[in-house]
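With this note's numbering applied, the sequence shown covers 1 to 102. From the three backbone atoms N, C-alpha and C, an ideal C-beta is built for every residue, glycine too. Just below is one structure, and these are the notes that go with it.
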Amino acid sequence: MSLPIEQVLQTVVARGASDLHLVVTQPPVIRLRGQLYRLGTEVLERDDVCVLVERIVPDHCRQELRERGKTAFGLAFDQKSRFHVTVFKQREHPSVVFHLER
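As structure tokens, this is what we get:
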């Protein structure tokens, strides 16, 4: 699966979801009013998540990710929205959670 992250984040904003969870071997999942919903059925491959991590993690967070296995940072999106992003290792695979700040 090639992950169209801008499109997925736009879905989070448009639906009013609070979170987006990206986990290897699972489809993208959003949290909406406390419930989890899959976005489609196509699962994320390790390369999909690794490419995304390389693209979005700021340089100043990369060392922390390597050394501690996790990092967090803010990400501006679409001129109006901002996400708190947490990247961490889960079973030796990268996972990412985007939390929409309100």
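Query raised in the report: What did DSSP end up calling D19 once you bin it into helix, strand or coil?
Result: Numbered from 1 along the sequence shown, position 19 holds the residue referred to as residue 19. Reduced to three states, the DSSP call for D19 is strand.
**Report entry** Close beta carbons around Y37, own chain, < 6 Å, minus the five adjacent residues each side
**Finding:** One-based indexing of the sequence shown puts residue 37 at position 37. Contacts found: I30.
Query raised in the report: E64 to E42, Cα distance in whole Å?
Result: Locating residue 64 in the sequence shown gives position 64, where the first residue counts as 1. Locating residue 42 in the sequence shown gives position 42, where the first residue counts as 1. Going from the Cα of E64 to the Cα of E42 covers about 30 Å.
Query raised in the report: Smallest Cα separation from R68: which of F77, P94, L44, K80?
Result: Taking the first residue of the sequence shown as 1, we reach residue 68 at position 68. It is P94 whose Cα lies nearest to the Cα of R68.
Report task. Using 10 angstroms around the beta-carbon of A76, count the other beta-carbons present and answer buried if the total reaches 16, otherwise exposed. Result -> Stepping through the sequence shown from its first residue, residue 76 is reached at position 76. That one is exposed.
Report task. Ignore the nearest five residues each way along the sequence and tell me which others in L3's own chain have a CB closer than 8 Å to its CB. Result -> Taking the first residue of the sequence shown as 1, we reach residue 3 at position 3. So the qualifying residues of the chain are L22, P28, L44, D48, V49, V51, L52.
Query raised in the report: Run through DSSP, which three-state label would Q26 get?
Result: What you label residue 26 is simply residue 26 of the sequence shown in a count that begins at 1. If DSSP states are grouped into helix, strand and coil, Q26 belongs with coil.
Requested in this report: Helix, strand or coil for L44, going by three-state DSSP, please let me know.
Outcome: Walking along the sequence shown from the start, residue 44 turns up at place 44. DSSP places L44 in strand when its eight states are reduced to three.
**Report entry** Cross-strand partners of G74 (DSSP beta bridge)
**Finding:** For the purposes of this step, residue 74 is taken as residue 74 along the sequence shown, with counting starting at 1. DSSP output for G74 lists H84 as bridge partner(s).
Query raised in the report: Can you pull the DSSP bridge partners for P94?
Result: Within the sequence shown, residue 94 is the residue found at index 94, counting from 1. DSSP output for P94 lists K89 as bridge partner(s).
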